[in-house]
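Notes to accompany the following structure.
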Amino acid sequence: MPYTQTLRPLTLLACALTVSHYGWASPTQRIEAIANNSDNFITFSNATLMLSPGKTLHNASITIRNKKILSISDSNEIPKGSLEINLDNKIVYPGFIDPYTSYGIDWQYSEYEGDGPHYLAELPGAKIQNRAIHADMKWQPYFKADTDIATSWVNNGFTSVQSSHFDGIFQGQSLSASLSKDPTAELIYPVEGAQFLSFSKGSSEQEYPSSLMGSIALIRQTLKDARWYQQQQTGNQKPELNQSLESLSHFGNQRVIFSVKNTNHLPKALAVLAPFHSSPILVGTGLEYERLNELQDAQLILPLTQARKPELASGLEINLTQLRQWERSPANLALVAKSGIPFAITQHGIDSEKFWPRLRTAIQHGLPQDTALAALTTNAAKYAGIGSFTGKLAEGYRADLVIASGNLFTDGEIEQIYIQGRPQLSSSASTQGLQDSYQLTLNGNALKLNLDLTSDDLSAELQQGDTNIALENLNWQFGQLQGLIAMEALGLSGIGQFNASFSAARSFGQLIDANGKVHQFELMASQSTNESKDAASEPAPKTLISRSSWPNNESGLTAPLSAESVHIKNATIWTSADDGVMSNADIIIEAGKIIELGNDLSTPSGFTVIDASGKHLTPGLIDEHSHIAITGGVNEASDSNTAEVRIGDALNAEDIHIYRALAGGVTTAQLLHGSANVIGGQSQIIKLRWGEDEQGLKFTQAPASIKFALGENVKQSNWGDNYVSRFPQTRMGVEAYLTDQFSAAKEHKAALLAYDDLSRRSKRNALAPRPNERLETLIEILEGSRNIHVHSYVQSEILMLLRLSQELGFHVQTFTHILEGYKVADEMAEYGTTASTFSDWWAYKFEVYDAIPQNACLMQSKGVNTSINSDSADLIRKLNQEAAKSMLYCDMSAEDALKMVTINPAKQLKVDELTGSLEVGKQADLVLWDQAPLSVYAKVESTWVDGVRRFDRDQDRLQRKAAHDEYQALLQKLMASNLSGDVGEELAPEPEPLWHCDSLIHHHNHQHSH
């Protein structure tokens, strides 16, 4: 018998409604019903108690009363007066907690009314005027429980949730609540909410931010403002009230939950929050196994999502990354657990009925059961801010219990759930294992007990021939059915009390007639007409056949690369330096540097020798103007000045164009913001270190730079009829705008210096200038610590900026594109600026009609340091050929042509002391070609970056063969799988577009390119 009770079944219900000995607090809400003052004084005996992860009590008892756990006994002690329910060694878990939901919050922000772009916010109150910032929102007052919706959590064993409204960058402060059926006011836990964040501006129609890097910049500026606001509260002068900043004043001590839509964004969230918060909690996507090295110090909330199963019949090509993610994503939790990263589990992102099958799949892939339990209880409770009173089975903790027949992490079933000490599980969710009908003999009558399991409420009847006798007032608990039955049809009088107990081993019951006589019976299951509730599922693979590589594609690395010690002999070496082109020469590299260069060099002991007879060696090529390896937009196209945004915040080390550019001999590139505004974002110079993460790409020794732009794009000439309100709208407006912004920067610098000069006592009576990353970036330009690279075409605007920069006190380092540079080359040379241009692009829009292919030669001949850039993910692979075009158009020498993609751009980026030429002491950035590097037939054999061979053609062939074999094996596995099974979710982000200078993303991630 699975359950035995100390009182008769119908009597125990009254006993369970005994008034609490501890009393009840007076409710503040009016109750429009008979109050339920049940304290459910119950002892569950002979149970296996999962007290907390790794701590279990067998054959123990747990007593609950007044919504809390009263006591736990390892000797099955039963407190006097409690109702005993014998669990027959069933398992009791702490109630599960989902720390990432929007349960109980139904809210919509007001919509912007009007046509055209929306640059300024129109918000009531004293708030930050950006419609993506809702930091001041506290969601407790807007919470309303819905028991029907709660069922999707409760049926899976969840008893508490943390909820917030998922809209905006700063989304407001969450609440944590019980999933009990108590009135809403009694459900909200008295804990401070967490601040929820994301990179998505959600429903905001405001133009700013319009890119990932813009979102990051807005977060950074807002948190700097909040820290400043908090610091100013101690002085005699205080800043004006700001509800948004007030809510963030103690951000570092708040719980912070940051959700992303792309696993690539997880380390970016950690990076932007690092100066302001030491331990944010990140909500993942299901592919975290791809980036475990970058998440070692993180705390995670992980969904049970699985990568969508590729469709064989879709007509679309299935790539290796898709197949790998399909096979490996079910092991995501196991791989995260193996790495030691703490995490909780959320039901978010999947249909609730998939929750337990997905979690059991994770267990089958190696997720330890204790780790799974922690993810559902102790970790989840901590992340929801309720770990001091729930998440464990402990005295004084909430009486949130999950009672299961068997181990839930293998094949057990939830039989009952207690939340706040009361049973909650609906009958439709607690009838697992019941059959449709049972045979029994009662008072000499052969009967059939029919159970209806298809409706929301359990119904039952006794059938005798053609006569059906309904059971009324049904109650279903712990595998026991209780009800009342009219007994005339059974040859008895009055109303009988019908009780039946069901288990896999034995089902039986009793009928108590009107005279109190007990009639015992056995229940024999009839043939079930229900379909099996356990749908056949694809067995989890015991081993994974896919390779783990970084990046996760066919060219990814399965192991880190390291610098080589190499002696390259007998090559034709193009030094791009004073030594010119050296024949039959040698170069020796070690520890990432060039240590010897000359003829007939001796090979140091232990060095690898490469005989390069008949081959050519050049410096690594350098691209002054590129947009590869960027995620989430190349333009922060909102305001005319977005100097605060950083390309370095939005790098994408997974971009296959890094590898392809290496195959074309490129080792360094400047990643520029686009040309959508006058003062664009901060550039990022990178080394093409394929196989490193985003931080590993950064050329940290290179000086800072920034993108400016002139011409058609910044005055929105081709943006459409709606984009006519942003200043400036003319070329002369660009000059006025630059004057205004640099004047503001000078004023800001003066205010900073004046405040710094004040004594400590005087500072208490003064308000410190508010941080302003936008203007502080312009101060860096004025101070010479950040170089300008400016998008330009027309001679008039080039001359305007040369003259204006001298008036305002800054220097223009490089004009990029500059297709009319040949007209003003004398002025540029006199000024001391440089030029980076296209080889032969022209006539693709009005302002480039005067472009000529001799432009590079003419500027170079006038003494202007000139380079050739790609501005293209395709042309970056052919930069050698782009440089060679000047040999055709104007008889430039081969040496000078090569310098336009080596030492010349190195000088423009101010890294020529480190790279750009082959000289002793410089970084070992070099390319081995099979023939003269400026030939259209030349192919790269190997590319070294900092002495690390990041591309090798022979190795590439082997890798492609391995990838082909892996692909075929995975394809066979896919075809052999159960195609009608769980198809999973779309986890991989949309592929990044091929960004160009004028690529724009408008509202709701709708991309346009002009």
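Using mature numbering (1 follows the signal peptide of the UniProt record, and there is no 0), the letters of the sequence shown correspond one by one to residues -25 to -1, 1 to 985.
We treat Cβ as the ideally placed atom computed from N, Cα and C, and that holds for glycine.
Owing to the predicted nature of the structure, the values given are computational and were not obtained by experimental measurement.
Nearest neighbour of residue i, chosen from the options [CA to CA]
i	options	result
residue 541	922, 939, 156 and 49	922
residue 834	770, 895 and 472	770
residue 596	942, 638, 263 and 59	638
residue 491	469, 500 and 498	469
residue 652	612, 663 and 668	612
residue 663	795, 615, 918 and 321	918
residue 598	629, 554 and 644	644
residue 300	777, 263, 16 and 650	263
residue 768	791, 417, 715 and 780	791
residue 809	823, 787 and 867	787
residue 220	418, 265, 102 and 521	102
residue 30	49, 17 and 450	49
residue 580	574, 563, 573 and 590	563
residue 868	450, 909 and 442	909
residue 441	422, 458 and 448	422
Counterpart residues of residue i in DSSP-defined beta bridges
i	result
residue 379	66 and 389
residue 231	170
residue 500	413
residue 775	DSSP, once it has assigned bridges, lists no residue as partnering residue 775.
residue 61	20
residue 557	548
residue 532	525
residue 138	76 and 150
residue 862	Note: residue 862 sits in no beta bridge, so no partner.
residue 792	767 and 812
residue 901	594 and 919
residue 27	30
Alpha-carbon spacing of residue i relative to residue j, whole angstroms
i	j	result
residue 25	residue 647	56 Å
residue 811	residue 789	7 Å
residue 883	residue 216	46 Å
residue 22	residue 365	19 Å
residue 137	residue 109	18 Å
residue 621	residue 162	44 Å
residue 371	residue 230	24 Å
residue 53	residue 274	40 Å
residue 187	residue 971	16 Å
residue 494	residue 380	28 Å
residue 994	residue 836	The structure shown does not extend to residue 994, since the chain spans only -25 to 985, so no value can be given for it.
residue 707	residue 772	9 Å
residue 269	residue 930	27 Å
residue 965	residue 631	14 Å
residue 107	residue 246	20 Å
residue 11	residue 345	Reliability fails at residue 11, whose pLDDT of 47 lies under 50, so the model's placement of it is uncertain and no value is given.
residue 85	residue 92	16 Å
residue 698	residue 974	15 Å
residue 969	residue 83	35 Å
residue 376	residue 17	12 Å
residue 862	residue 105	53 Å
- Task: Note down, one range per segment and in chain order, each alpha helix (DSSP H) of at least 4 residues found wholly within the region 809 to 860.
- Result: Correct list: 830 to 836.
- Quick one: any contact between the region 553 to 571 and the region 331 to 344, if contact means 3 or more CB pairs under 8 Å? No, they do not touch.
- Message: In chain order, what are the residue ranges of uninterrupted beta strand (DSSP E) at least 3 long that sit wholly in the region 559 to 600?
- Response: DSSP runs (the beta strand (DSSP E)) wholly in the region 559 to 600: 568 to 573, 583 to 586 and 591 to 594.
- Okay, do the region 125 to 144 and the region 172 to 180 touch, 3+ Cβ pairs below 8 Å being the bar? Using a C-beta cut-off of 8 Å, the region 125 to 144 makes contact with the region 172 to 180, since at least three inter-stretch Cβ pairs fall below that distance.
- Message: Counting beta carbon pairs with one atom in the region 198 to 210 and one in the region 742 to 750, are three or more of them shorter than 8 Å?
- Response: Counting Cβ pairs under 8 Å, three or more are found: they touch.
- Item | Start-end ranges of the beta strand (DSSP E) lying completely within the region 424 to 486, minimum 3 residues | Runs of the beta strand (DSSP E) inside the region 424 to 486: 434 to 439, 442 to 445, 447 to 452, 455 to 461 and 470 to 476.
- Is the region 39 to 48 touching the region 379 to 397, taking contact as three or more C-beta pairs under 8 Å? Yes: the two stretches touch, three or more of their Cβ pairs being nearer than 8 Å.
- Every unbroken alpha helix (DSSP H) inside the region 88 to 136 [4 residues or more]: Taken in chain order, the whole alpha helix (DSSP H) runs of length 4 or more contained in the region 88 to 136 are 122 to 129.
- Message: Extract the residue ranges of the beta strand (DSSP E) inside the region 629 to 680, only unbroken runs of 3 or more that lie entirely within it.
- Response: Segments of the beta strand (DSSP E) lying fully in the region 629 to 680: 641 to 646, 654 to 657 and 659 to 662.
- Item | Given 8 Å, three or more beta-carbon pairs between the region 245 to 264 and the region 897 to 912 | The region 245 to 264 is not in contact with the region 897 to 912.
- Task: For the region 147 to 164 and the region 113 to 130, state whether three or more C-beta atom pairs, one from each stretch, are separated by less than 8 Å.
- Result: Short answer: they touch.
- Report yes or no: do the region 889 to 896 and the region 686 to 706 share at least 3 C-beta pairs separated by less than 8 Å? Touching, no, given that fewer than three Cβ pairs across the two stretches are closer than 8 Å.
- Indicate whether the contact test is met: 3 or more Cβ pairs, each with one atom in the region 319 to 329 and one in the region 119 to 134, closer than 8 Å. Segments in contact, yes.
- Query: Mind pulling the alpha helix (DSSP H) runs of 4 or more residues that sit fully within the region 314 to 340?
  - Reply: Correct list: 330 to 339.
- Message: With three or more beta-carbon pairs closer than 8 Å as the criterion, would you say the region 350 to 369 touches the region 60 to 78?
- Response: They touch, by the three-pair rule.
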